[in-house]
Every structure is written in C-alpha cells, then in structure tokens.
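J.: If you scroll down you'll find the structure; I have some questions about it.
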Amino acid sequence: MTLLNRKVCDLETAVAAIPEGATIMVGGFGSPGTPFALLDALLESGQGGLTLIKNDANEPGIGIGRLIEAGRVRRLITSHLGLNRTAIEAMNAGSLEVSFHPQGLLAEKIRCAGAGHGGFLTDIGQGTEIAEGRREIEIDGRPWGIEPALHADVALIHAERADRYGNLIYRATASNFNPLMAMAADQVIAQAYRLDAPGELPIDSVHTPCAFVSRVVRVDRATSEQGVRPHGL
Amino acid sequence: MASDTQRILARAAREVIPGQIVNLGIGLPTRLFHYLPEEMEVLVHSENGVLGCRPRREGEAPDHDMIDSGGAYIATRPGASVFDSATSFAMIRRSRVDVTFMGAFEVDAAGNLANWKIPGKFSPGIGGAMELAQKVKRLVILCSHNDKHGNPKILARCRLPLTAAACVSRIITDKAVMDVSPAGLEAVEIAEGLSVAELRDATGARLAIDESRLGRF
Chain V
1 MTLLNRKVCD
11 LETAVAAIPE
21 GATIMVGGFG
31 SPGTPFALLD
41 ALLESGQGGL
51 TLIKNDANEP
61 GIGIGRLIEA
71 GRVRRLITSH
81 LGLNRTAIEA
91 MNAGSLEVSF
101 HPQGLLAEKI
111 RCAGAGHGGF
121 LTDIGQGTEI
131 AEGRREIEID
141 GRPWGIEPAL
151 HADVALIHAE
161 RADRYGNLIY
171 RATASNFNPL
181 MAMAADQVIA
191 QAYRLDAPGE
201 LPIDSVHTPC
211 AFVSRVVRVD
221 RATSEQGVRP
231 HGL
Chain H
1 MASDTQRILA
11 RAAREVIPGQ
21 IVNLGIGLPT
31 RLFHYLPEEM
41 EVLVHSENGV
51 LGCRPRREGE
61 APDHDMIDSG
71 GAYIATRPGA
81 SVFDSATSFA
91 MIRRSRVDVT
101 FMGAFEVDAA
111 GNLANWKIPG
121 KFSPGIGGAM
131 ELAQKVKRLV
141 ILCSHNDKHG
151 NPKILARCRL
161 PLTAAACVSR
171 IITDKAVMDV
181 SPAGLEAVEI
191 AEGLSVAELR
201 DATGARLAID
211 ESRLGRF
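Sequence order for the protein chains is V and H. Note that the UniProt record's numbering numbers the first sequence so that position 55 is 55, with each residue one more than the last. Note that the UniProt record's numbering numbers the second sequence so that position 49 is 49, with each residue one more than the last.
See the structure below:
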C-alpha cells in the first residue's frame, strides 16, 4: 500500500501502473459514481485484454462503453447491459465475454472480498438457472448456495471529496458500488472532485477510510462528453 | 377514455398503502411514480441506493448524482436516505421493502415469474429483479394481458427461464386483476366492458372466477 503522504498523483500516473490483462473493478451505477476521468485516462494509456467488473456497461460512447468499443475489454462481469446496445452487440458477436450476476449478489461478492472473506451463503436464485452448478451446503436442514467472493487487481473509484491521505466521501446515488469496490482490490485508485488537506473532512462523514485507498487524483466535474446525459421521465 | 396502460397504473396505485416502502421496477412500473400523491407518506426504494425518491417537479433542475435504477434523474422527499448497493440489497433480502411492482414476459398459475431473458433474443442481464422478486413480501405484476401478437402472457406454466419461483402475489393487466392462490389464479376484478368468456379466452391458465364477487375496474 502506498504511504499516506505519497498518494496524490495525476491521471496519467494513476493508470500507468495498471498491467495489460488486469482485472479492474469500476464503480458506478449508470453514470453516477462512474470514474469517467480515470476510464478516459486508461483508454489513452492503451492497456488491453482487460476484465472489467461493473454493475452495467454505461452507455454507448461513454465510460467503460468506450473501452469496450475500442476492443480493450476481453470479459465483463456485470448485472445488466440494458442501456448499452453496443455492449450487447459485442456480446452477441462473441467479441466480449459477459458473465451476469444478480445485482445484489454481485454487490455482496465484492463486499465479501473487501471484508477479507472467501465467500458467503445465499438462497437467492434457487430454482432458477442462476443457481445451476452452484455448490450447496446444508445448515440446520436448509440448503444454501455457496457464492465465492469477487476480488480484483485494481479498483477505479469516484468520490465527491477526498483528502490527500485517501479518505473518501461519496455523494447521493453516486455511492452505489464505490465503497464496496474500494475495499476489494489490491490497488485502489480514487478520483475526486475536491481534494482537501487531512483534517478538513468531517471525520464522522468519511465513507471509505484512507487505509483502503492507494492513489488519489483530483479531477474536474464530469462533462456531458463524459457521461452527464439527459434522461427521460 | 383511459388507455390500457393508464388503466393498469391507476388500478396499481390503489395497491399502495400509506406508510409503506415501495419499489418500482423498470418500465411500466416506474410510471406508477406519477400516480402516488406527493403528500402520501410512502417511501419509494430504488435499488441503486435511495429510499424516499420522487419524480422531479416541472422545471426542477436535475441533480446528476441522483438517479433511479432506470437511469432517470429523480429527487428525494423528506425522510429519504442514500446508501451503497450492498445495503440496498440487504434491505431487499431482509424483506424490508413492503411491495414491489414489476413487468413480466410470462406469469403462471403457480405465481412463477419470467421477466429477464428470452433465450437467443433478449438477454441484457438480470439486474436486481431476481432478489426483488424472491424477497419482497408482496410482488404485484403490471403487464399487458397479451403480447403484441395476441398470445397470452398469463400461462399455466412459464416456458421462459424463471426470475423467481412462486413469488407473485397479484397480477394487474389491462383485462383483469388476478390473485395467486394455492389453488391457482383467481380473477378478482375484470376490466369494464369485457365479458368473463372473453377474459378466459385471452388467458393461458385456468382462472377461478366467482361472478357474484367479481369487481370492475
């Protein structure tokens, strides 16, 4: 883990150490919480053969959608691709391998890795094809499916505020998978709109303690180009 | 005259009791949002991590960090909270959500639901549907009674991969309100202007119907 006083860096440096073929968790549910600036830097940096773990595939032309369209992603572990038709096309064409998990199980598999456990027991999906081939154990006469934890080499995280030690605060529904992923990877790279000195974040409002975070990058607010898009209703 | 979807939504809104925690699935159920009066003390849960959301008012600027699970920009009401995805699904798995509304490709007489995958045609992933269907205390299905080719969606037995088994409490379509009971499906209300024979003809499962108690909607 990076020393406390050496975590702040720029986007280019933050993604440069990610190896070819890495397994990378990406925060966000749709656009909120997606680390758009880090993803754009990763695209620029050129690594391919990646396995990405993200709730969804963003939308065409933004976020991990760009990495998929550039052919950098070999495999995607996700819960839903409904908003990204180009990702669905890549999956159907066989150029993108996709593993689907029910959303809450995906979150829990990540949470479990972040808590240092090897897996958990669940009854979700029993009687459906999701549970086919899943190992079961019986506890007090009841069958439970075994779900292994899901760990990654790298996590790319978006926070609203950070301090330079890497304490993080998320905002509104931009939290989603971020605090879980920020505990579940070997290298945790966080971007934040605001970067403060230690002592400036209210200590009882920190969502992710700095011990889990390897790198912090201050970024400008996401542009429409990066994923702030109009949506219906 | 009300359209079929308006008829379904207006009827569905009567399922929500003040004081409840409610989840609205993607698609038609999301539109139920607009049928719940703002002063009604109901907290709408969205599985991306918010309890107590409401639609934006006309002219209200969007907060780009505040969406529902369908990606629409929303706002919150007094008493709301936000949380991460693990907490959101803990709330679901611990049955702290009182009622959830979902669409369906197929529903059957045993209360089985298929709404996530058509093998070879449509498979964008399951999202949160499986956990919501399996764990929320009351699951109300909102869907058209028949598909666009006229084939029934209400069947004796689902053919598509299941979202969850024996999970549905009630089905509201443009033609009827049906309850799932241990004996099968019972029609409790029928759409205005429709005969019992027409309803049976449009349905792929046996319907128990007590005409002396059958309501209209």
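Yeah, the Cβ is synthetic: ideal placement off N, Cα and C, and Gly gets one too.
1. Taking a Cβ distance cut-off of 7 Å, strictly less, list which residues of the region 94-115 of chain V are near chain H, in chain order.
2. In whole angstroms, what is the alpha-carbon distance linking Val216/V and Ala162/V?
3. To be precise: take each residue of the region 101-135 of chain H, compare its Cβ to all Cβ atoms of chain V, and keep it if any distance is under 7 Å. Which residues remain?
4. For Pro209/V and Asn167/V, what's the separation of their Cα atoms in angstroms?
5. If you run the structure through DSSP and keep just helix, strand and coil, what is residue 235/V?
6. Taking all protein chains shown into account, do 16 or more other C-beta atoms lie within 10 angstroms of the C-beta of Ala164/H, making it buried, or fewer, making it exposed?
7. Should Thr128/V and Met102/H be called a contact, given that it needs their Cβ atoms to be closer than 8 Å?
8. What residues are listed by DSSP as bridge partners for Ser81/H?
9. Mind pulling the chain V residues with CB within less than 8 Å of Pro161/H?
10. Give the straight-line distance between the Cα atoms of Lys7/V and Tyr165/V, rounded to the nearest whole angstrom.
11. Residues of the region 167-191 of chain V with a CB closer than 9 Å to any CB of chain H: list them in chain order, please.
12. Below 8 Å on the Cβ atoms is my guess for Ile26/H versus Gly70/H; work out the distance and round it to an integer in Å.
13. For the alpha helix (DSSP H) that Asp201/H lies in, which residues bound it at each end?
14. State the Cα-Cα distance for the pair Gly30/V and Asp210/H, rounded to the nearest angstrom.
15. Interface residues of chain H around Thr208/V at Cβ under 8 Å?
16. How about Gly127/V: is its Cβ closer than 7 Å to a heavy atom in the ligand ZN?
17. Quick one: Cα of Gly52/H to Cα of Leu42/V, how far?
18. Give the DSSP-derived three-state secondary structure of residue 224/H in the structure shown.
19. Going along the chain, which residues of the region 67-89 of chain V sit with their C-beta nearer than 8 Å to a C-beta in chain H?
20. If you count every other CB in all the chains shown that lies within 10 Å of the CB of Arg216/H, and 16 or more means buried, which is it?
T.: Checking against the coordinates, here is how it stands:
1. Phe100, Pro102, Gln103, Gly104, Ala107, Glu108, Arg111
2. 8 Å
3. Pro124, Gly125, Ile126, Gly127, Gly128, Met130, Glu131, Gln134
4. 5 Å
5. As displayed, chain V neither begins before 1 nor continues past 233, which places residue 235/V out of reach and without an answer.
6. buried
7. no
8. Leu51/H
9. Thr128, Glu129
10. 7 Å
11. Tyr170, Arg171, Ala172, Thr173, Ala174, Ser175, Asn176, Phe177, Asn178, Pro179, Leu180
12. 4 Å
13. 196-201
14. 47 Å
15. Those within 8 Å of Thr208/V in chain H number zero; the least Cβ separation is about 10 Å.
16. Looking for the ligand ZN in the displayed structure turns up nothing, as the structure carries no ligands at all.
17. 36 Å
18. Outside the modelled stretch of chain H, which goes from 1 to 217, sits residue 224/H, for which no answer is possible.
19. Thr78, Ser79, His80, Leu81, Gly82, Leu83, Ile88
20. exposed
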